[in-house]
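Okay, so here's the structure we're looking at.
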Amino acid sequence: MTTQQHDPSVYEQIGGSERFQELKRRYRSWAFPMTVAFLAWYLLYVILSGFARDFMGAKLFGNINVALIFGLLQFASTFLIAWAYARHSAAKLDPLADELRHEIEGAATDTAKDTAGDKA
Amino acid sequence: MSETTLSTVLFLLFVAGTLAITFWASRHTKTAADYYAGGRSFSGVQNGLAIGGDYMSAASFLGIAGIIALSGYDGFLYSIGFLVAWLVALLLVAELMRNSGKFTMADVLAFRMSPRPVRTAAGVSTITVSIFYLLAQMVGAGALVGLLLGVTSEAGKALTIVGVGALMIVYVVVGGMKGTTWVQIVKAILLMGGATLVTLLVLGHYGFNLSSLLGEAATQSGKGDAFLNAGGKYGTEAQGLAGKIDLISLGLALVLGTAGLPHILIRFYTVPTAKDARKSVLWGIGIIGSFYLLTLVLGFGAAALVGSKVISEQNAAGNTAAPQLAKAVGNLIFGEVGGTILLAVIAAVAFATILAVVAGLTLASSSSFAHDLYAHVFKRGKVSEQQEILVARIAAFAIGAVAIVLGIFAQKLNVAFLVALAFAVAASGNLPAILYSLFWKRFNTAGAVSAIYGGLVSAVGLVIFSPVVSGSATALFPDADFAWFPLQNPGIISIPLGFFCGWLGTILSKEHNESKYAEIEVRSLTGVGAEKAAQH
């Protein structure tokens with residue numbers, strides 16, 4: 001499966017380490033609540049589209065109604081969350097993940113059975 | 121020169137260009153990583169474009185524009201589900217999958233499970249989802265190409281399907297993932313270019329005033345303000361409560377299905393690192409989102425400038441609304457010649473769209489057959505890399521041939537529901553298995569197998585007994601009636617059921633492997649031991 005074989009205990013050791021737990025916490029505490037939030041926001045939109053047609057059909061200006069604005073807000077929130085995730089991971093996740101990876105891969109050179117990398 | 125000649129010429133140019141790329145790609149396709157994952161050497165931007173090219177099917181380009189043109193706002197609802205779905209892929213799946221998998225969806229699922237049952241289930245599900253999707257595209261291609269090229273005879277349509285199928289087989293068998301990816305990149309650029317051009321012309325015609333465009337569309341539709349609100353097609357007042365629940369069911373399948381579609385998931389393996397996978401999804405979201413904003417204008421533009429009567433006379437589902445709009449707006453602004461050229465361009469873009477998507481689907485299903493079923497289940501991993509690639513190519517040829525034959529026989533059937541069904545199966549079976557695998561320590565073989573089969577069987581089973589298969593005038597078999605399930609979309613039942621089956625299967629089995637979970641957790645988040653890009 002892998003290009004580099006590590007002693008399985010390496011993973012349990014790292015997995016239990018404080019820094020990995022911190023990485024996991026930073027990832028999950030951002031991604032999980034945000035997933036719940038955008039799914040709820042989307043479901044609200046779908047449910048209103050089904051059950052609150054008078055509200056959705058209300059005109060705001062010209063021929064622009066609530067349904068159109070609500071739909072466009074779904075686009076806006078999607079773009080915004082994607083951008084925020086990119087920023088969060090670049091600032092909070094990548095440095096820690098890179099640090100841990102370099103450590104494991106550095107330490108593994110002693111025990112590695114095959115460090116040849118992918119067969120090009 | 122007539123528009124059909126011009127679009128044929130443009131289409132042939134696209135075919136010639138992409139075939140040249142495919143044969144170039146074949147010279148750089150030597151290893152399994154080359155064939156299945158394009159050597160993992162595409163950049164984030166390239167893969168982002170390819171994601172757009174893989175995802176924006178004829179169903180989204182022509183289908184959504186057509187729904188908006190004929191039924192108004194509801195087409196927009198569809199595209200919002202298709203877009204928001206990418207956040208699931210971005211936040212929960214893309215990077216972790218890139219770090220822990222190799223070639224197929226099953227690689228991640230089988231990581232800490234007993235490989236044979238899990239790969240069998242994942243392979244069956246991958247092939248089922250891809251074939252549903254593929255069949256819908258092939259049938260659509262026959263009808264559409266027929267309309268655009270003025271081919272009306274049955275033999276002519278069948279010939280078109282054979283042609284589309286043959287090209288798709290060549291792209292996949294010869295070019296593998298590298299060839300397929302480039303076809304998708306070129307297509308994404310053409311599609312965005314074409315859609316942007318027509319959108320600007322339409323908006324320009326209305327003085328860049330969206331409100332007056334909408335007003336004109338509402339008036340021309342004959343439905344007035346209701347045309348600009350939800351309920352024109354899904355969950356109409358006439359369908360009552362069941363229709364509204366159906367709308368929510370569809371919405372769920374759309375938003376949760378994308379991150380479980382195998383042909384989308386394997387795109388994450390084509391880049392060197394998880395960071396590039398993230399970057400490609402970000403680009404994908406940008407491209408797909410912009411595209412759906414364009415289709416909003418295209419759809420309402422077609423309603424305003426072509427009119428629903430003329431559109432539905434050409435094609436009852438409105439699939440030709442976008443090309444018809446191109447002609448109408450071209451005529452208005454540049455005169456007859458402009459209309460002809462613009463129609464030809466959009467028709468050629470539509471062909472390119474179909475080809476890129478069917479190639480992606482054929483690749484995903486044949487890869488899963490060769491890598492999961494043949495190499496790991498039948499041969500228990502005792503197979504050389506070259507043998508495995510050979511089997512993948514044969515499988516691509518066979519799946520392509522099956523798709524051609526089914527596509528021809530299904531010409532007269534209403535198979536449009538197959539795309540929504542593919543999303544429902546992906547959301548009900550694949551997504552629970554993927555999420556549990558990545559995030560739930562206790563998850564095990566029994567859980568993975570139960571989630572996949574539970575989701576797959578319930579989604580397909582409920583659709584078989586739904587009004588889309590029998591018991592209504594627009595059903596697959598309009599003369600039969602064995603429909604007892606009232607909804608057209610099974611997601612609202614089958615998605616929770618898939619998650620439930622995965623949970624139940626897990627707790628009923630004693631198996632759990634803590635150290636393998638520690639491994640996938642560390643690997644997925646840090647990228648340790650992730651597959652490297654090929655060095656050419």
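Chain order of the listed sequences is A and B.
Position one of the first sequence corresponds to residue 1 (this note's numbering), numbered consecutively onward.
Position one of the second sequence corresponds to residue 121 (this note's numbering), numbered consecutively onward.
Positions of the beta carbon are idealized from the N, C-alpha and C atoms, including for glycine.
Mind pulling the chain A residues with CB within less than 7 Å of Phe196 (chain B)?
Here the neighbours are Gly71.
Return the CA-CA distance between Val204 (chain B) and Gln74 (chain A), expressed in angstroms with no decimal places.
The straight-line gap from Cα to Cα measures roughly 7 Å.
Spatial neighbours of Phe252 (chain B) within its chain, please: CB distance less than 8 Å, with the 5 preceding and 5 following residues excluded, ordered by chain position.
Taken in chain order, the residues that qualify are Leu538, Val539, Leu541, Ala542, Val545.
May I have the straight-line CA-CA distance separating Val588 (chain B) from Ser578 (chain B), to the nearest angstrom?
Inter-residue distance for Val588 (chain B) and Ser578 (chain B) is about 15 Å (C-alpha atoms, whole angstroms).
Neighbour-count burial assignment, Glu18 (chain A), 16 or more Cβ in a 10 Å radius
Counting every other CB atom within 10 Å of its CB across the protein chains shown gives Glu18 (chain A) a total below 16, marking it as exposed.
For Lys636 (chain B), which three-state DSSP category applies?
Correct three-state label for Lys636 (chain B): helix.
Which chain B residues sit within Cβ distance under 8 Å of Lys24 (chain A)?
Think of a sphere of 8 Å around the beta carbon of Lys24 (chain A): the chain B residues whose beta carbon falls inside it are Glu641, Leu645, in chain order.
When the Cα atoms are used, what is the spatial distance from Asp118 (chain A) to Phe162 (chain B)?
Here Asp118 (chain A) scores only 42 on pLDDT, less than 50, and its place in the model should not be relied on; the value that follows carries that caveat. The alpha-carbon of Asp118 (chain A) is positioned some 16 Å away from that of Phe162 (chain B).
Does the beta-carbon of Leu44 (chain A) have 16 or more other beta-carbons within 10 angstroms, so that it is buried, or is it exposed?
Exposed.
Terminal residues of the continuous alpha helix (DSSP H) containing Lys298 (chain B)?
Residues 274-325.
Proximity winner among B:Gly647, B:Val401, B:Gly438, B:Ser146, relative to Ala214 (chain B) (alpha-carbon distances)
For Ala214 (chain B), the closest alpha carbon among the candidates B:Gly647, B:Val401, B:Gly438, B:Ser146 is that of B:Val401.
Should Ala31 (chain A) be flagged as near chain B, meaning a C-beta pair shorter than 8 Å?
Yes, contact with chain B.
Check the Cβ-Cβ distances between Ala553 (chain B) and every residue of chain A, and say whether any is below 8 Å.
Ala553 (chain B) is outside the set of residues whose beta carbon lies under 8 Å from a beta carbon in chain A.
Would Leu229 (chain B) and Ala209 (chain B) be called neighbours here (beta carbons separated by less than 8 Å)?
Contact: no.
Compare the beta carbon distance of Ala484 (chain B) and Ile386 (chain B) with 8 Å and say whether it is the shorter of the two.
A contact, by the Cβ cut-off of 8 Å.
If I measure Cβ to Cβ from Gly299 (chain B) and keep anything under 6 Å in the same chain, skipping five residues before and after, which residues do I get?
So the qualifying residues of the chain are Thr142, Ala145, Tyr291.
Indicate whether at least one CB of chain A lies closer than 8 Å to the CB of Ala638 (chain B).
Chain A contact via Cβ: present.
May I have the straight-line CA-CA distance separating Gly575 (chain B) from Leu323 (chain B), to the nearest angstrom?
Gly575 (chain B) and Leu323 (chain B) have their C-alpha atoms roughly 44 Å apart.
What residue range does the alpha helix (DSSP H) around Leu541 (chain B) cover?
Leu541 (chain B) -> alpha helix (DSSP H) spans 537-545.
Just the C-alpha distance for Leu321 (chain B) and Gly458 (chain B), rounded to the nearest angstrom, thanks.
Approximately 12 Å, taken between the alpha carbons.
Indicate the three-state DSSP secondary structure (helix, strand or coil) for Ser548 (chain B) in the structure shown.
Assignment of Ser548 (chain B) by DSSP, reduced to helix, strand and coil, places it in the helix class.
Which residues in the same chain as Leu96 (chain A) place their Cβ atom closer than 6 Å to its Cβ, once the five residues preceding and following it in sequence are excluded?
Excluding positions up to five away in sequence, the list reads Leu23.
Neighbourhood of Asn65 (chain A) by C-beta, 8 Å cutoff - its chain only, sequence neighbours within 5 removed:
Annotation for Asn65 (chain A): Met56, Gly57, Ala58, Lys59 place their beta carbon closer than 8 Å to its own, counting only its chain and skipping 5 residues before and after.
Leu190 (chain B) and Ala464 (chain B): beta carbons closer than 8 Å?
No; because the gap between Cβ atoms is not below 8 Å, this pair is not in contact.
Min CB distance Tyr389 (chain B) to chain A below 8 Å
Not one chain A Cβ lies under 8 Å of Tyr389 (chain B).
Candidates A:Ala91, A:Ala86, A:Arg101, A:Glu103: which alpha carbon is nearest Asp658 (chain B)'s?
Any answer about residue 658 (chain B) is impossible in this case: the structure gives chain B only from 121 up to 656.
Other residues of its chain near Leu596 (chain B): CB distance less than 8 Å, five sequence neighbours each side excluded
Closer than 8 Å at the Cβ level, and outside the excluded window around Leu596 (chain B), lie Leu533, Asn534, Val535, Phe537, Val588, Val589, Ser590.
CB-CB under 6 Å to Trp30 (chain A), same chain, minus the five flanking residues each way: which ones, in chain order?
Contacts found: His88.
So does the region 233-249 of chain B actually touch the region 558-576 of chain B, counting three or more Cβ pairs closer than 8 Å?
The region 233-249 of chain B makes contact with the region 558-576 of chain B: 3 or more CB pairs, one atom from each, lie closer than 8 Å.
Is Leu207 (chain B) close to chain A? Criterion is C-beta to C-beta, closer than 8 Å.
At a cut-off of 8 Å, the C-beta of Leu207 (chain B) has a neighbouring C-beta in chain A.
Compare the C-beta of Ile200 (chain B) with all C-beta atoms of chain A and state if any pair is closer than 8 Å.
Chain A places a beta carbon closer than 8 Å to that of Ile200 (chain B), counting this residue as a contact.
Counting only Cβ-Cβ distances shorter than 9 Å, please list the residues of the region 342-358 of chain B near chain A, keeping chain order.
Considering only beta carbons, the part of the region 342-358 of chain B lying closer than 9 Å to chain A consists of Asp345, Ala346, Leu348, Asn349, Ala350, Gly351, Tyr354, Gly355, Glu357, in chain order.
Ser614 (chain B) versus B:Glu651, B:Leu376, B:Gly501, B:Lys447, residue with shortest Cα-Cα distance
With distances taken between Cα atoms, Ser614 (chain B) lies closest to B:Leu376.
Tell me the residue span of the beta strand (DSSP E) that contains Leu60 (chain A).
59-61 is the extent of the beta strand (DSSP E) around Leu60 (chain A).
Alpha carbon to alpha carbon, what distance is there between Val648 (chain B) and Val642 (chain B)?
As the crow flies, the alpha-carbon of Val642 (chain B) is around 7 Å from that of Val648 (chain B).
Under a three-way DSSP split, which group does Ser557 (chain B) fall into?
Three-state result, Ser557 (chain B): helix.
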